[in-house]
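Take 2 as the starting number for the sequence shown in my numbering and just add one per residue. We put the beta carbon where it would ideally sit given N, CA and C, even for glycine. One structure is given below, encoded as structure tokens.
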Amino acid sequence: MRVLLLFFCILSISFACAQDGSSVNIKKIVIDAGHGGKDPGTISPGGKYKEKDITLSVALKLGDLIKSKYPYIEVIYTRETDIAVALDKRTEIANKSKADLFISIHVNGVSSRSPSGSETFVMGADKSNSNFQVSMLENNVILLEGDDYQTRYEGFNPNDPESYIIFTLLQNAHLEQSLIMASLVQKYFNQGPIKINRGIKQAPFLVLWKTSMPSVLIELGFISNTRDLNILIDKKSHNQLASLILSAFEEYKNQYDKGYNNLDYVTPIEETQKQAQQKEQTQQTVKTTSANNKTLTANIHYRVQILSVSKLIPSDAPDLKGEQNVQYLKKGSLIKYTLGEFQTKEEANAALIPIRKKFPQAFIIKVKGNTIIN
Ligand SMILES: [Zn+2]
């Protein structure tokens, strides 16, 4: 009887472990087709083609591709038909579903006919360049969402540059992983059909503002440029664009599922200068947020990164979810909060599983002394 009992104990423990193991993987993705219904988005110079139709077509194709390649991944759309969905509603859909990744699909449009190419954005507060114009244009849609938009978006007025000050308080917990996904999208977009690559950028997009998962906004190309437009209205190109985003997702997912962040991601152009300035600090600074200032391992070791932010945050910040033994490391312009120190990657992997229950986007980093090694 005892032997039998022991057998069932072991069986249930291994079953629980197997369940835990699978919980590391990406399970849900939200695909957001920009605009819809009364909000056409940008419109082609002749007025014939609308952004909302292109984004919906590419979004649905991307969802189909992900579902057929990964039947166990739940694909959630913010819209599947030509309907208007408020920006805050889109974010709410993503947050309520506790998705692991948010991909918003858009098409650019400007008054000049010459700009062309694709670019992928992550949320950021930078308003000092032309990126700001793109986000202003995309944020303008809230003016169509009814008179209460200022209440719903915390007093925000998309046409008032001063309004964008609210974003300066932003702590983007998922900036780093958003940057990785964004850089992968742009990497695969190099294969065409729209070959001009405008890179990855940061700008304050309302739809990305409050998402609680890594999130990117892809501008496929320019509806205002004849060459881009011819591609954007071709259904075959929609398949191509969707499968390139799928390739980016696959590479992102492989890294994410392994729990190991060793992607050599491209740094946004506007960040490069800041990073150069901060290079010196980068090499040195390591501190603990807990009072006991424990000594760090000098040799190569592994830690679980739970959060990446652009400014130091207090040890009782909600983003740290009450964790007491948090440490941080600086790399470039980012501050990375970590848990634990492990001699082997296997030990770190074992620790990652329970940590991801609390911090779903956590992953393992390799550290030597005070420096993160890619
Ligand atoms: Zn748009």
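Span separating the alpha-carbon of GLY37 from that of GLU342: Here residue 37 refers to the residue found at position 36 when the sequence shown is read from its first residue. Here residue 342 refers to the residue found at position 341 when the sequence shown is read from its first residue. When the Cα atoms are used, GLY37 and GLU342 turn out to be separated by approximately 48 Å.
Check whether the Cβ of GLY38 lies closer than 6 Å to any heavy atom of ligand 1, and answer yes or no. Residue numbering aside, residue 38 sits at position 37 when the sequence shown is read from its first letter. Every heavy atom of ligand 1 is 6 Å or more from the Cβ of GLY38, so no.
As assigned by DSSP and simplified to three states, the class of GLY64: For the purposes of this step, residue 64 is identified with residue 63 of the sequence shown, where counting begins at 1. Three-state DSSP puts GLY64 in a helix.
In three-state terms, what does DSSP make of TYR73? Numbered from 1 along the sequence shown, position 72 holds the residue referred to as residue 73. Here TYR73 sits in coil by DSSP.
Strand pairing of SER334, partner residues [DSSP]: By one-based count along the sequence shown, residue 334 stands at place 333. In DSSP, SER334 forms no bridge with anything.
Entirely within the region 145-216 and at least 4 residues each: give me those alpha helix (DSSP H) ranges in chain order. With a minimum length of 4 residues, the continuous alpha helix (DSSP H) runs that stay inside the region 145-216 are 150-153, 176-190, 207-210.
So the beta strand (DSSP E) VAL108 belongs to, where does it begin and stop? Residue numbering aside, residue 108 sits at position 107 when the sequence shown is read from its first letter. Start and end: 102-109.
Quick test of the definition: if touching needs 3 or more C-beta pairs under 8 Å, does the region 301-311 touch the region 324-341? yes
On the premise that ALA87 lies in contact with GLU146, defined as a C-beta separation below 8 Å, what is that separation, rounded to the nearest angstrom? Start at 1 with the first residue of the sequence shown, and residue 146 comes out as number 145. Start at 1 with the first residue of the sequence shown, and residue 87 comes out as number 86. The C-beta distance from GLU146 to ALA87 rounds to 5 Å, short enough to meet the 8 Å contact threshold.
Top-ranked residue by Cα proximity to LEU57, from LYS211, ILE106, ILE77, ALA363: Counted from its first residue, the sequence shown places residue 57 at position 56. When each option's Cα is compared against that of LEU57, the closest is ILE106.
So what does DSSP say about ARG91, is it helix, strand or coil? As a first step, residue 91 must be located in the sequence shown, where it is residue number 90. In this structure, ARG91 counts as helix in the three-state DSSP scheme.
Take every Cβ of the region 103-119, pair it with every Cβ of the region 68-76, and state whether three or more of those distances are shorter than 8 Å. no
Assumed close pair ILE246, ILE373 - CB separation to whole angstroms, cut-off 8 Å: Taking the first residue of the sequence shown as position 1, residue 246 is located at position 245. Taking the first residue of the sequence shown as position 1, residue 373 is located at position 372. Their Cβ separation, rounded to whole angstroms, is 28 Å, which puts ILE246 and ILE373 out of contact at 8 Å.
At which residues does the alpha helix (DSSP H) containing LEU245 begin and terminate? Position 244 of the sequence shown, counted from the first residue, corresponds to residue 245. Its alpha helix (DSSP H) spans residues 236-259.
May I ask you to list the residues that DSSP assigns as paired with PHE360? Position 359 of the sequence shown, counted from the start, is the residue given in the question as residue 360. According to DSSP, which records beta bridges pairwise, PHE360 is partnered with nothing at all.
Given this structure, state the Cα-to-Cα distance separating LEU138 from SER164, to the nearest angstrom. To locate residue 138, count along the sequence shown from 1; it is residue 137. To locate residue 164, count along the sequence shown from 1; it is residue 163. Their backbone Cα atoms lie some 14 Å apart in a straight line.
For ILE365, collect the residues of the same chain with a Cβ closer than 8 Å to its Cβ; drop the 5 residues on either side in sequence, then sort them by chain order. Stepping through the sequence shown from its first residue, residue 365 is reached at position 364. Closer than 8 Å at Cβ, skipping near neighbours: GLY260, TYR261, ASN262, TYR303, ARG304, VAL305, GLN306, LYS346, ALA349, ASN350, LEU353.
Just reading off the beta strand (DSSP E) that ARG304 is part of, what are its end residues? Position 303 of the sequence shown holds residue 304. Run containing ARG304: 301-310, per the beta strand (DSSP E) assignment.
In or out: ALA363 buried (at least 16 other Cβ within 10 Å) or exposed? Residue numbering aside, residue 363 sits at position 362 when the sequence shown is read from its first letter. The residue is buried, with at least 16 neighbouring Cβ atoms inside 10 Å.
Which residues, in chain order, sit with a beta-carbon under 5 Å away from any heavy atom of ligand 1? GLY35, GLY42, HIS107, GLU139
Grouping DSSP H, G and I as helix and E and B as strand, with all else coil, what is GLN134? The count along the sequence shown starts at 1 and reaches residue 134 at position 133. Looking at GLN134 - three-state DSSP - the assignment turns out to be helix.
Please classify GLU324: does DSSP put it in a helix, a strand, or coil? Against the sequence shown, residue 324 aligns to sequence position 323. In the three-state scheme derived from DSSP, where H, G and I count as helix and E and B as strand, GLU324 is classed as coil.
Once you ignore the five residues that flank ASN191 on each side, which residues in its own chain have a CB closer than 6 Å to its CB? In the sequence shown, counting from the first residue as 1, residue 191 sits at position 190. Here the set comprises ASN198.
Among residues of its own chain, excluding the 5 on either side of LYS62, which ones have a beta-carbon nearer than 7 Å to its beta-carbon? Counted from its first residue, the sequence shown places residue 62 at position 61. If you ignore the 5 residues before and after LYS62, its C-beta comes within less than 7 Å of the C-beta of HIS239, ASN240, ALA243, all in its own chain and listed in chain order.
Ends of the alpha helix (DSSP H) at THR372? Start at 1 with the first residue of the sequence shown, and residue 372 comes out as number 371. That residue, THR372, is in no alpha helix (DSSP H); its beta strand (DSSP E) goes 372-374.
Length of the line joining the Cα atoms of ARG91 and ALA174: If you number the sequence shown from 1, residue 91 lands on position 90. If you number the sequence shown from 1, residue 174 lands on position 173. One C-alpha to the other measures close to 19 Å.
State the DSSP-derived secondary structure class of THR121, mapped to helix, strand or coil. Counting from one through the sequence shown, the residue named residue 121 turns up at place 120. The answer is strand: DSSP assigns THR121 an E or B state.
Could you name the residues of the same chain whose beta carbon sits closer than 7 Å to that of SER213, not counting the 5 residues immediately before and after it, in chain order? Mapped onto the sequence shown, residue 213 falls at position 212. Answer for SER213: ASN96, listed in chain order.
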